[in-house]
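See structure below.
Set out below in structure tokens:
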């Protein structure tokens, strides 16, 4: 457990080092913001020239400040930062916010400078946000800390926000104000030299005023830690994140196919899904979700009622909701009956419920209350487009009243009114989120619905399997000794056997005669694969011959393959593997690809083409849980093929799940593989037919 | 060619029938809007009580108006509409805008009332917008017509807007004002009893002031007409549309699989793509595209430069652009060299170009100009997040200046400033679109880029093929006579042959002996399929046996199939079809499904599973052009399999294209099929192997 970050967010006295009275300088703005936001403690400007800044006595160094100082904000030229920070240490400062830039982010000497800085911070047992950051905020009325150099005056609320981009942090605070979103704390983490996103997550997990956590992330410092921490936090508080750097433009022309698919972003998706973090694809969507979560409870299910005074927007809302997987369920008879008693006869009683343009406060009130008190729906979406004949404030009040009588979330769409019109202001003040477009509501609900399902699902397990680790070690050692970059063929299958993964029996044959003997034992039809010389991608090389039905065919194919291979290198002897052909099964691929940020990612998909052409593939950050393994299998678009398509028997999902878990354990136990795959692993309804047929492991260099 | 709609949009005198001085009534608001917007002509209030309304002399009926009246706006109770409209006819009114509701949209008697209304309109040769509409607008300073009952005062501009929802139309006008979007004309078309969207498209095609056309559509009256008209319009003016009613919730549990896939929405997508209409998925996106098109030229290509003062938003923009298929191409050396000469050394010269937070007007100006004058990029995205130290107006001015020196489109993102801040106002006034979020720019550009590609592609052709129509007729007649709901087997293949589609040769066999004889002629391996008794889905019934390699296997399979079929009905005789097995080819499906709105939709996809499980399927509204056929083939996710995957030879795309075109012609010539498919059609690199293997046609009831 890390030290508490109270030294940053709950200081009693602050020194602003680099404070200035010159307009349009960071040193001035920070000092001005602290005072203007009425920091509940002492502020000491520090500037070599001393004197008076902003009507406050300034000191030439922090050491000259007569009182104790808890926290220092540093906005001085980069080269003077280490000296100034040292003085802070001497002074007994506990927390630092280093605004100054020019460190690791510029590379070269900047990296050294940051190392020196961090060394000093550690030496004195201080904690530091930054360097290269936009500052921190704590809206707690006991603290009232606005140590940023932006224009925003953050309103108190239950959102805490971590931003890895200073500029975006500033934009966030400004835009939040337009949306009436309130914050508990905010931190621009900059280079994250000391205090990381993970530290803040842990700190905010225990902050009573933080109800939800938003993140803008560009990179993970320690994804393993993030997983552990985030998994804990999301049990209590929702986390919503934007992770940028999705596409890496060219650097992804990776050589190996699974590698190419597993560009880091699939890891991010997997990571977030595995710890219940909602990932939005844009800042706008992040706000839309935040607006909902900061004021409304999480819906108990996915059934939504739409109540509108305008047909078009009602249809748009329904389209968007349904296509996001939400259930715009029909009105039950009892609600219809009640609605009929007070709605005009031209209203047709459906969901979306179109009250028609004449509907005013009364109709909205009665309809919303009738629907909200019934247990058919989990969330209510009132949509209002203002006709000139209707008072928007009355409708807003009806929505507020109806919301007051239920604990179901309300998400309101007010279209065609002005920017923060009176009705919108009323709703916002009552803590009801208002959106301009119904599609935004649908997207936000979709994200929150995913979180609900995460919270409601079974407890995850991380089973441990017996495995013959010594045998695996020996195979790796042998191949390293032989200078092999990859482990293939018999050795690869033996690793699987050592891990307890079922492998289709195989026999080696060095002549057609031996092949026919082997086939005689296993029974036809058989598959014949090239064993030596070794090649990686067998299919392209036509080195796999399937569905051989008798000795005659086998001899022909053997000779044809041998001819195709041609002249062997010295020391090589042509050989094949003979395996019983498993029919009626479905070919799957189980793989692993090593990601620099996330470590080994386990991969699952169907047949080569589904993975490679259709990109229908699922990833998991190791270690994967039983639930993740199931999610990976069931989340595939091609899952219906496994579940029993057109009358075929469903395959044994438990065996697939276990194979994924065993591979997860293997690649966690052995840090030697840059990638591996079992291709194919035959999935079948018959347990005895579920087998790995071929595998390969690429060794790290 | 329809009559011109000048009678609606260019009237010289207007009667407002149902005018009123009572507040919050439609009759008052329309009159008030006409006058407040300073209509450039005479306005005559008409109200049974006559007297004075809004300081203007009112008449009890239109017949009492002393002057000629060109156009009448009708806002009276529904039951009095026909009588009032008749009076308009007598008066010699040319154009009507019927606001009154309670017609077709309420069903029952409303339908009759609308029929009566339309009858009167036609009798007098008038044209009518509505009924059940929000009104019309023409901002032309010569006209100044605001015949709506909303609050908005539309600004002049080059956008014309058709809305099938009154409420949404109102919302559109209000929101446009917030975005500084200007209109040429606007029409809320209501029930489209007379004047349709198609009429407006034709009218606006010749309106000089209309530069782009926006549509909100809920249903197509005449999609065939729309196709013809829109194809013409989009050659000159972009059309951007939102079509709602995407999901039809339940009504789609269609019985047959292609039917289920071809829910009307795939038809909408195909229709729009085929006539170059940009389809956005939300009103918000519609605005984002409109903002771009109303002021910026269409980029010549897809290469985009991002110039930012903030790293985070630059990354977000790049992610969004790249994932939308745009090219954030690297900076060429010559631009880098130029940038180096004036940018601080800590700026790393990439695209996105991060000028870092210190960048102000000067840096933006120099960087934007250097990039815009080079021919590497087709569109420029300046992103600005305001640091307290930088003047946003200066940056805005630099952007305006740089834009003035180039004809390339600029799309600006201003983050973290207030709602319509000074910088945003400056940019808007200079006709440069400003977005709050970079993702919105990427989405808008994606839409526009699709339109660019449409405009730049080859001229479409609609080739006509020779076909033996008489033969097809005979087969249909025969099957109808026999009471068959479907044409399958030999008859189905014979239809294909009559259309000139290559069919794999087949022979019938009634005994194992005959089967072996047939196979001896075609050569092994063969496929054996059940011929009688007839069943629709052969694969599930195990009625197709593939890869039979010799007589022994064939006999076994024949007997097994016969046994499986069991006892036959009276008059049936067990028989099979023997076909040469085509290997090395790729199974595709060519189909047609009949859509109530769009008529026959041609369908193309790979193998059964790709279509049915992976939903990887393309549709075309008939008749399809050669370009559409190619788009359908190349647009599949699984297209790489056809294009030559992992060293296999690419298939003959021309043969597939021609087969699609021939099917398009067939289903246009014969209105008898509710659906059909060729499954499989073997695609191969060898022309002689490209053949239809099996087909079925479902007859309309």
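Residue numbers (my numbering), protein chains in the order written: chain A, 38 to 738; chain B, 38 to 738.
For each residue, glycine too, the CB sits at the ideal point set by N, CA and C.
On a predicted model such as this, the values are computed, not experimentally measured, just so you know.
Counting C-beta pairs closer than 8 Å gives three or more between the segment 343-356 of chain A and the segment 202-213 of chain B, which meets the contact rule. Listed by position along chain B, the residues whose Cβ is nearer than 7 Å to that of residue 188(A) are 425. The continuous alpha helix (DSSP H) containing residue 261(A) extends over residues 260-273.
In the three-state reduction of the DSSP assignment, residue 139(B) falls in the coil class. Look at the beta carbons and you see the segment 550-569 of chain A touching the segment 577-597 of chain A: at least three pairs across the two are nearer than 8 Å.
Just measuring C-alpha positions, the residue of 610(B), 587(B) and 56(B) sitting nearest residue 562(B) is 587(B).
Interface annotation, residue 583(B): not in contact with chain A, CB-CB separation never under 8 Å. Against chain B, the CB of residue 654(A) has no partner CB under 8 Å away; the residue lies outside that interface. Cα atoms of residue 332(A) and residue 223(A): separation of roughly 18 Å, rounded to the nearest angstrom. In the structure shown, residue 304(A) falls within a helical segment according to DSSP collapsed to helix, strand and coil.
Chain B has a Cβ within less than 8 Å of the Cβ of residue 586(A). By the Cβ-count criterion, residue 131(B) is buried, with 16 or more other Cβ atoms from all chains shown falling within 10 Å of its own Cβ. Within chain B, not a single residue places a beta-carbon under 7 Å from that of residue 631(A); the smallest gap is close to 23 Å. In the DSSP assignment, residue 66(A) falls within the alpha helix (DSSP H) that extends over 63-73. In the three-state reduction of the DSSP assignment, residue 637(A) falls in the strand class, which pools E and B.
Where residue 435(A) is concerned, the enclosing alpha helix (DSSP H) starts and stops at 429-441. For the pair residue 485(A) and residue 335(A), the CB atoms are nearer than the 8 Å cut-off.
Counting along the chain, no alpha helix (DSSP H) covers residue 450(A); the unbroken beta strand (DSSP E) around it starts and ends at 449-452.
Distance between residue 612(A) and residue 599(A), taken at the CA atoms: about 9 Å.
Under the DSSP assignment, residue 200(A) falls in the beta strand (DSSP E) whose first and last residues are 193-200. Counting only Cβ-Cβ distances below 7 Å, residue 143(B) has contacts in chain A at 383, in chain order.
In the DSSP assignment, residue 559(A) falls within the unbroken alpha helix (DSSP H) covering 549-559. Not one beta carbon of chain A lies nearer than 8 Å to the beta carbon of residue 641(B).
At a C-beta separation below 7 Å, residue 561(B) has no neighbours in chain A, since its nearest C-beta there lies roughly 12 Å away. With contacts defined by Cβ atoms closer than 8 Å, residue 661(A) and residue 703(A) do not form a contacting pair.
Sorting 186(B), 150(B) and 102(B) by C-alpha distance to the C-alpha of residue 60(B) places 186(B) at the top. Taking the Cα of residue 629(A) as reference, the smallest distance to any Cα among 618(A), 641(A) and 274(A) is reached at 641(A). Under DSSP, the beta-bridge partners assigned to residue 569(B) are 612(B). With contacts defined as CB atoms closer than 8 Å, residue 154(A) and residue 113(A) fail to qualify as a contacting pair. Across the segment 340-364 of chain A, CB contacts with chain B closer than 8 Å involve 346, 347, 348, 349, 350, 352, 353, 355, 356, 357, 359 and 360, in sequence order along the chain. Counting along the chain, the unbroken alpha helix (DSSP H) around residue 485(B) starts and ends at 475-493.
In the three-state DSSP reduction, residue 316(B) falls in the strand class (E or B).
Every alpha helix (DSSP H) stretch that sits fully inside the segment 678-719 of chain A and reaches 4 residues is listed by chain position as 690-706. Interface flag for residue 184(B) against chain A is unset, since no Cβ pair is found closer than 8 Å.
Neighbours of residue 253(B) across chain A, judged by C-beta separation under 7 Å: 349. One alpha carbon belongs to residue 103(B), the other to residue 263(B), and they sit about 41 Å apart.
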